[in-house]
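Below is one structure; the comments refer to it alone.
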Amino acid sequence: MTRNRRIATILTVGVLAVGGVAAAGPVIADSGGTPAPASHQGMHRTSEPAHRHGGLGDDAPCTRTALAGQGTLTAARKDTLAGMAEEEKLAHDLYTAFAERYDVRIFDRIAAAETQHLTAVRTLLHRYDVGDPTTGLPAGEFADQAVQATYDRLLKQGEGSLDAALKAGRTVETDDVAALTKALSGLTAPDARQVYTHLRTASERHLSAFERSIADE
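The working numbering puts the first residue of the sequence shown at 13, with every later residue one more than the last.
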C-alpha cells in the first residue's frame, strides 16, 4: 500500500481528537509510520491534583465526528500549519510544567486537552505532507527559536507564583486565539477549517478558565 493510500485508510477508520471531538481508531504517527515522539506519548496524567479552581473549560464532553474532506494549502499556509504544532506543544509542555509545580487542577486538565489538539494538527500535517517540527523533541524544546524564547519566558514567569503561572496561561490562550483567527481568514481547505475552528473554540474556553482562576486568586 502506498503512503498516501495508507494515510487515507487510517483517516477513514479513525476520527479526530480536537476541541469537542474525541479520538477513536488508530492515531497517525510520523511520516515513517513510527510512534509519535516519546514526549507526547501518554500525556494524560494519572494523578488528580486538588480541586482549587472550578470551571476548567476543558474539552469534555466529547462527541464523535469524521474529519472533513481535504482541500489545498499554499506554501504559506503549510508553514502556518507547522507553526500550529509548535504552539500546541508549547501550551502542553508549559501547562505540564506548571501542573508539576502547583497543586491545582486547571493546568493538568488543559494540558490533557492540548494533547488532543496536537494530535489533530499532526493529522493535518500528514494529510498535506508537511514535516512535523515537534518530532523527537523532548518537553520544553522547540525547533523555532522564537517559540523557544516564548516558552522560556513564560516558564520563568510562571515559576514565580501560582498567579503568575495562571497569567502565563492566559497569555498563551490569548495568543492562540489571535493566531487561529488569522489562520482562518481566507482559508478554504475544509479539514483545516474544521480543525482550526475547534482549536479556537477550545482556546476561548481555556482563556475563560484562566481568567476565572486569576479572579479567584
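All C-beta atoms, glycine included, are put in the ideal place defined by N, C-alpha and C.
Since we're looking at a predicted model, the values are computed, not measured.
On a Cα-Cα basis, can you pick out the residue from the options that is closest to residue i?
i: L199; options: F119, T92, A78; result: T92
i: E112; options: E98, E171, E100; result: E171
i: P145; options: A97, Y208, T86, S197; result: A97
i: E223; options: K101, V133, A201, A180; result: A180
i: Y208; options: D105, F119, H129; result: H129
i: Q157; options: E99, G83, S220, T77; result: E99
i: G83; options: R217, A190, T213, A204; result: A204
i: A123; options: E229, H218, A227, D228; result: H218
i: R134; options: L79, F119, A227; result: L79
In angstroms, rounded to a whole number, what distance separates the CA positions of residue i and residue j?
i: R121; j: A88; result: 32 angstroms
i: T131; j: R139; result: 13 angstroms
i: A201; j: L136; result: 11 angstroms
i: K90; j: V142; result: 7 angstroms
i: R182; j: Y163; result: 13 angstroms
i: K101; j: T77; result: 24 angstroms
i: P150; j: D105; result: 9 angstroms
i: I118; j: T213; result: 17 angstroms
i: L85; j: Q206; result: 14 angstroms
i: G148; j: E229; result: 37 angstroms
i: M55; j: A190; result: For M55, the predicted model reports a pLDDT of 34, less than 50, meaning its position is unreliable and no value from the coordinates is stated.
i: A195; j: S220; result: 21 angstroms
i: R165; j: A227; result: 23 angstroms
Determine the extent of the alpha helix (DSSP H) in which residue i is found, giving its start and end residues.
i: F222; result: 202-228
i: Y107; result: 87-113
i: V230; result: The chain is shown from 13 up to 229; residue 230 falls before or after that span and cannot be answered.
i: D156; result: Here D156 belongs to no alpha helix (DSSP H), and DSSP marks it neither H nor E.
i: A195; result: 174-196
Is the beta carbon of residue j closer than 9 angstroms to that of residue i?
i: E126; j: A103; result: yes
i: L211; j: D188; result: yes
i: V184; j: G95; result: no
i: G81; j: A109; result: no
i: V116; j: S197; result: no
i: L167; j: Y114; result: no
i: S215; j: L192; result: yes
i: Q169; j: A161; result: no
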